[in-house]
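Student:
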Amino acid sequence: MTIQSLFLVTLVVDDYDRAKTFYCDGLGFDCLQDEPQPEGKRWVVVKPKGGDGAAFLLAQAATEAQRAAIGNQTGGRVGFFLKTDDFARDHAAMLAAGVRFLEQPRHEVYGTVAVFADPYGNTFDLIQHTAPEPLDCDRSPVHKPRR
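Our numbering puts the first residue of the sequence shown at 390, with every later residue one more than the last.
Below, the structure is given as structure tokens:
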């Protein structure tokens with residue numbers, strides 16, 4: 390078996406437009422798709438500008454179980470890691486856009502990092518690596534999150 394990539398990650402939200410505004414205006418993501426679906430649903434895909442990694446599928450909660458997962462999709466752990474090539478630039482832009490950081494930037498052996506939350510409470514690392522990333526699973530990881 391040869392899986393080519395992880396290209397979509399579902400993020401359960403309470404409102405398509407609110408989530409799309411945060412990710413596109415607050416984080417500078419591109420909206421790749423926003424298409425109507427049956428039963429009032431939409432197919433909304435957002436992705437970091439110029440990024441080559443996975444995109445988020447914003448899925449509006451339709452059941453009680455889905456609503457209960459909003460903001461806690463990773464059980465209180467940092468669930469998503471956004472890599473930047475200029476931490477100071479992107480941190481300042483995110484602050485100016487109203488993004489809520491949960492801590493001050495800190496310098497670790499692997500780089501500069503700060504945790505922020507989306508409007509729902511999902512947590513993210515904004516990170517700029519200063520050390521090489523590991524090449525395989527047999528090596529000691531450079532980035533050991535403190536979560």
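Even for Gly, the Cβ is constructed at its ideal location relative to N, Cα and C. Just so it is clear, the structure is predicted and the values come from calculations on it, not from any experiment.
(1) Over the uninterrupted alpha helix (DSSP H) stretch that includes residue 449, give me the two end residues.
(2) Please classify residue 466: does DSSP put it in a helix, a strand, or coil?
(3) Using only CA atoms, which one of 424, 520, 445, 396 lies nearest to residue 501?
(4) Compute the Euclidean distance between the alpha carbons of residue 517 and residue 495, then round it to the nearest angstrom.
(5) What does the Cβ neighbour count give for residue 486, buried or exposed, with the cut at 16 atoms within 10 Å?
(6) If I'm right that residue 548 touches residue 447 with Cβ under 8 Å, what's the distance once you round it to whole angstroms?
Tutor: Let me lay it out:
(1) Premise fails: residue 449 lies in the beta strand (DSSP E), 444-449, not in any alpha helix (DSSP H).
(2) coil
(3) 520
(4) 11 Å
(5) exposed
(6) An answer regarding residue 548 cannot be provided, because it is not within the stretch 390 to 536 covered by the chain.
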